[in-house]
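What follows is a single structure, written as structure tokens, with notes after it.
Residue numbers (my numbering): 6 to 360.
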């Protein structure tokens, strides 16, 4: 499942703490994905998320209908432990699990439903509001760790994830590539840290921060992204790219109209590939001292739903070319449009679109 995070822009919610049920995330997690499933149902993201939750999907869920009715979902790697928050009646869960061949095993203070198929994960019933899905050892480790005050430990990623606790879909990762995080991103890059969130309500919205291993690599990535957006004017006009030391901060806010326009590229001559370094000033730049990763600081916009989830975009952005009727009148040329990269040592850089 690929979610086009580079094409969205939701504001950050700077929560002071994360929900208490997040404590089951393993302390050695390299990435965490959060999904506000209740709020996303009926959205353009819903089919892809539903496919992951279905039997045989990427999350390895057993064929238990109750598990697909969660309100909020957290998935962490490399353990691939899934934490579901919602309403889970114990009698309904028992009946559905046993009907699919899962064996009930008491493991205080939880109740396990163990799968005999290595490709199908097991289930731990924690409470009427909380269930865990994972392999048996992962479930037992999580239950034991939280039940014992001496063994209790928490993932350092949770403090970063707390900023996005009200967003539709979000990803935090200590590095890229990552088996879980990379499956939600179209970014085939190396990064020393990543975080971002997506919303598809009232358009398409995204914020993301990508930390590279050096300031120059951060600048290279910003150039590459700007070049890619130059062929999609509506997206380019709705996007702000900022470089800050080793980090690239991205914000995009697309209205419904801009989103539809971005998914339809008019007939035009093929874009000629160019050296991405031509997109930035060739003036000599002193190398700034590497600093700690700084996530984007953006006020959270209001939206009609209160949830945390994400958005899926079609993998192919080029649809059937739009037919263009012959012009009836001669219009004055449209003013030039540009995309701006800020945060460069040489000052802001504006890149003409369509050139």
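Yeah, the Cβ is synthetic: ideal placement off N, Cα and C, and Gly gets one too.
Same chain, Cβ closer than 7 angstroms to residue i, neighbours up to 5 away in sequence not counted
i           : result
residue 151 : 28, 29 and 157
residue 282 : Reliability of the predicted coordinates at residue 282 is poor, the pLDDT of 41 falling under 50, and the value obtained from them is presented with this limitation in mind. Hits under 7 angstroms: 228.
residue 35  : 82, 83, 178, 179, 180 and 183
residue 24  : 170
residue 115 : 129, 130, 131 and 148
residue 196 : 180, 181, 215, 216 and 217
Residue from the options whose Cα sits closest to the Cα of residue i
i           : options              : result
residue 231 : 239, 34 and 246      : 246
residue 237 : 93, 64, 89 and 257   : 257
residue 362 : 98, 249, 180 and 210 : Any question about residue 362 goes unanswered here, given that the chain covers just 6 to 360.
residue 125 : 184, 77 and 65       : 65
residue 210 : 134, 163, 52 and 244 : 244
residue 55  : 101, 74, 144 and 37  : 74
residue 167 : 185, 201 and 190     : 201
residue 206 : 162, 172 and 143     : 172
Assigned secondary structure, residue i (DSSP; H/G/I helix, E/B strand, else coil)
i           : result
residue 263 : helix
residue 41  : coil
residue 96  : helix
residue 192 : coil
residue 221 : helix
residue 142 : helix
residue 233 : helix
residue 77  : strand
residue 133 : coil
residue 149 : helix
residue 49  : coil
residue 183 : coil
Same chain, Cβ closer than 6 angstroms to residue i, neighbours up to 5 away in sequence not counted
i           : result
residue 108 : 119
Distance between residue j and residue i (C-alpha atoms, nearest Å)
i           : j           : result
residue 279 : residue 138 : Low per-residue confidence applies at residue 279: pLDDT is 43, beneath 50, and the placement is therefore not dependable enough to give any value.
residue 274 : residue 228 : In this predicted model, residue 274 has a pLDDT of only 44, less than 50, meaning its place in the structure is not dependable; the value taken from the coordinates is given anyway. The alpha-carbon atoms of residue 274 and residue 228 are separated by roughly 22 angstroms.
residue 113 : residue 261 : 50 angstroms
residue 296 : residue 216 : The pLDDT assigned to residue 296 is 43, lower than 50, so where the model puts this residue is not dependable; a value taken from the coordinates is nonetheless given after this. Cα-Cα distance, rounded: 10 angstroms.
residue 254 : residue 165 : 15 angstroms
residue 144 : residue 127 : 8 angstroms
residue 123 : residue 45  : 30 angstroms
residue 93  : residue 225 : 48 angstroms
C-beta contact flag for residue i and residue j at 8 angstroms
i           : j           : result
residue 181 : residue 187 : yes
residue 252 : residue 213 : no
residue 239 : residue 263 : yes
residue 68  : residue 105 : yes
residue 37  : residue 162 : yes
Own chain, CB closer than 8 angstroms to residue i, minus 5 neighbours either side, in chain order
i           : result
residue 147 : 29, 31, 86, 129, 137 and 139
residue 111 : 117
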